[in-house]
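In what follows, a single structure is set out as structure tokens and then discussed.
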Amino acid sequence: MCFKLIKKMNRIIKIILSDILKNKIVLAFTLILAILSWSSFALEDNSSKGLLTILNVILFTVPLVSILFATIYLYNSSEFIELLLSQPIKRVKIWMSLFIGLSTSMVIAFLLGAGIPLLIYSPNAVGFMMISVGSIISIVFVALAFLSSIVTRDKAKGIGIAIMIWLFFALLFDGLVLFLLFQFADYPIEKAMVGITALSPIDLARIQILLHLDVSAMMGYTGAIFKDFFGTSLGLIVSFLLLCLWAIIPFSISLKMFKSKDL
Amino acid sequence: MIEVSQVNKKFGKLEVLKNVNLTCKKGECIALIGPNGCGKTTLIKSILGMVLPDNGTIIFNEKSIKNEYLYRNNIGYMPQIGRYPDTMTIGQVIEMIKTIRSSNEVLDEDLIKAFELEKMFDKQMRTLSGGTTQKVSATLAFLFNPDVLILDEPTAGLDPLASEVLKEKIIKEKEKGKLILITSHLLSELDDLITEIVFMQEGEVHFHKKVATLLEETNETKISKAIASILKSKKNLTT
């Protein structure tokens, strides 16, 4: 029985995956990632400069494409979801299959585009770190897309929310932290700042990679300050877990909402 | 087979279903009629679990459908407006539903032949006319030999030939002892199909009667006229 259920779920995931992988946008995303990664390694004379460029790609492009593509895909598959709902399939399974399908395809695109050059030019701890962090960030923003597409039926509003989420975490959050730092510069707020970092998946990812890169001072104020705090292996584990939570929590909220949604 | 009791549903402030009670048994062919927006489709979607009622229970084969999904194996549903993934072809949609259901039973492909869908198997869903989409919906509803058929406006948008094909198919299935639930506005089309009538108005079930009793009570020979005379007499009562 249980085996049969898993088989059925796999079938739906397969249908979704083959649909997404045929999509030209995913193909274009993979190509752009590949061009950026290969060229940044080829143009710089040492690989750590190349890594920095790729870091920027991970922190800006990957989240943007993941959240936008997933949101639009979810709205466009409303017919598909409706069709599945009239079939003997659990709601949870439909939503989970969509999530697994979308995150797998985004991770595959990232691995093919940026993962291969990373493995070739930087086959060390930093390279692997970048690959794993990039994969998790893709999944986190797919999860956030699920949240933004379930809160409203209106496609334009949903995409707007998705862009706002990206804008907030990619740009505004850092500015906000910087503002706080300057305002409270006279107080010992470093420890509190570590806590605040956990509120943004992009910052968590940035810190994890910067700790392995020795160029923390170049990458914004937040990065420079937290080197001491996240330097330990405990800090590393904690920040990884926090990143995973950033994927799990938004998705579980959206799952709960999907269970009670009228279609 | 299906028992709906005390079901309420609100969309925001709008009360779509008010204390709906309904019992459907095997072998019946029920017409669900009523003016636009009276809650027919919402009732059907509640039975399918696509709309979750605020309270009340819906029982299918002696089991509540709440948090259940396997009962949908026994239902064939034809939506009012079939919406399918745009880029899929007819063949792919049918193939996909087959893989999802993966039933070992013999498939009922009568309608594929009758509608001559095979010729169009590689047409994309977005290029189809409304009528052809309806044909695909009808095919999918009948494909798995379900015990219950729920047809939401089945003949709307179909050409006379196709709607005749569909009607014949419905009669054939009815004779096998299946429960068939139809909503329609075209009362004249239902004459030779149905055994019972459920009339809904403003989210309430107004009456649920056998066709024979209805015709007897109103001294009419056609369902459409019987309904009209009931509506008229009610208007006279209220004014």
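Top line first, the protein sequences correspond to chains A and B. Counted the way the working numbering counts, the first sequence spans residues 1 to 263. Counted the way the working numbering counts, the second sequence spans residues 1001 to 1239. Just so it is clear, CB atoms sit at the ideal spot from N, CA and C, and this is done for glycine as well.
Kindly list the residues whose CB is nearer than 8 Å to the CB of residue i, restricted to its own chain and excluding five residues on each side of it in sequence; keep chain order.
i: residue 1159/B; result: 1131
i: residue 119/A; result: 127, 131
i: residue 1278/B; result: Given a span of 1001 to 1239 for chain B in the structure shown, any question on residue 1278/B remains unanswerable.
i: residue 1065/B; result: 1047, 1049, 1058, 1059, 1071
i: residue 85/A; result: 91, 94, 263
Name the DSSP beta bridge partners of residue i, please?
i: residue 1024/B; result: 1002/B
i: residue 1152/B; result: 1183/B
i: residue 1031/B; result: 1182/B, 1197/B
i: residue 1210/B; result: 1196/B
i: residue 1017/B; result: 1009/B
i: residue 1124/B; result: 1089/B
Along the chain, where does the alpha helix (DSSP H) that runs through residue i open and close?
i: residue 1174/B; result: 1160 to 1175
i: residue 1051/B; result: It is not in any alpha helix (DSSP H) - residue 1051/B carries neither H nor E in the DSSP assignment.
i: residue 235/A; result: 233 to 259
i: residue 208/A; result: 201 to 210
i: residue 106/A; result: 91 to 110
i: residue 177/A; result: 173 to 183
i: residue 56/A; result: 47 to 56
i: residue 1133/B; result: 1130 to 1142
i: residue 1110/B; result: 1110 to 1114
With DSSP collapsed to three states, give me the class of residue i.
i: residue 79/A; result: helix
i: residue 272/A; result: In the structure as shown, chain A starts at 1 and stops at 263, and residue 272/A therefore has no counterpart that could be examined.
i: residue 1104/B; result: coil
i: residue 1087/B; result: coil
i: residue 1064/B; result: strand
i: residue 1092/B; result: helix
i: residue 1204/B; result: strand
i: residue 87/A; result: coil
i: residue 198/A; result: coil
i: residue 22/A; result: coil
i: residue 158/A; result: helix
i: residue 1217/B; result: helix
i: residue 122/A; result: coil
i: residue 1157/B; result: coil
i: residue 10/A; result: helix
i: residue 127/A; result: helix
i: residue 1222/B; result: coil
i: residue 1146/B; result: coil
i: residue 136/A; result: helix
i: residue 1081/B; result: coil
i: residue 188/A; result: coil
i: residue 1039/B; result: coil
i: residue 1069/B; result: coil
i: residue 17/A; result: helix
i: residue 1118/B; result: helix
Use the C-beta contact count for residue i: other C-beta atoms within 10 angstroms, 16 or more gives buried, fewer gives exposed.
i: residue 1079/B; result: buried
i: residue 105/A; result: buried
i: residue 164/A; result: exposed
i: residue 187/A; result: exposed
i: residue 1106/B; result: exposed
i: residue 1035/B; result: exposed
i: residue 271/A; result: The displayed coordinates of chain A run from 1 to 263. Any statement about residue 271/A would go beyond what the structure contains.
i: residue 168/A; result: exposed
i: residue 140/A; result: buried
i: residue 98/A; result: buried
i: residue 1230/B; result: buried
i: residue 151/A; result: exposed
i: residue 115/A; result: buried
i: residue 1118/B; result: exposed
The beta strand (DSSP E) with residue i in it runs from where to where?
i: residue 1055/B; result: 1055 to 1060
i: residue 1075/B; result: 1075 to 1078
Between which residues of its own chain and residue i is the CB-CB distance below 6 Å, once the five residues before and five after are set aside?
i: residue 29/A; result: 65, 109
i: residue 1133/B; result: 1082
i: residue 1208/B; result: 1198
For residue i, which residues in the same chain have their Cβ closer than 7 Å to its Cβ, ignoring the five residues on either side in sequence?
i: residue 1215/B; result: 1221, 1226
i: residue 62/A; result: 110, 134, 137, 138
i: residue 1111/B; result: 1138, 1139, 1142, 1169
i: residue 200/A; result: 169, 173
i: residue 1191/B; result: 1222, 1223
i: residue 60/A; result: 170
i: residue 1005/B; result: 1021, 1056, 1057
i: residue 1042/B; result: 1009, 1016, 1017, 1051
i: residue 147/A; result: 250, 253, 254
i: residue 945/B; result: Residue 945/B lies beyond the range of chain B shown here (1001 to 1239); nothing can be said about it.
At a cut-off of 8 Å, is residue i close to the ligand NAD when judged by its beta-carbon and the heavy atoms of the ligand?
i: residue 1199/B; result: The ligand NAD is absent from the structure shown, which contains no ligand whatsoever.
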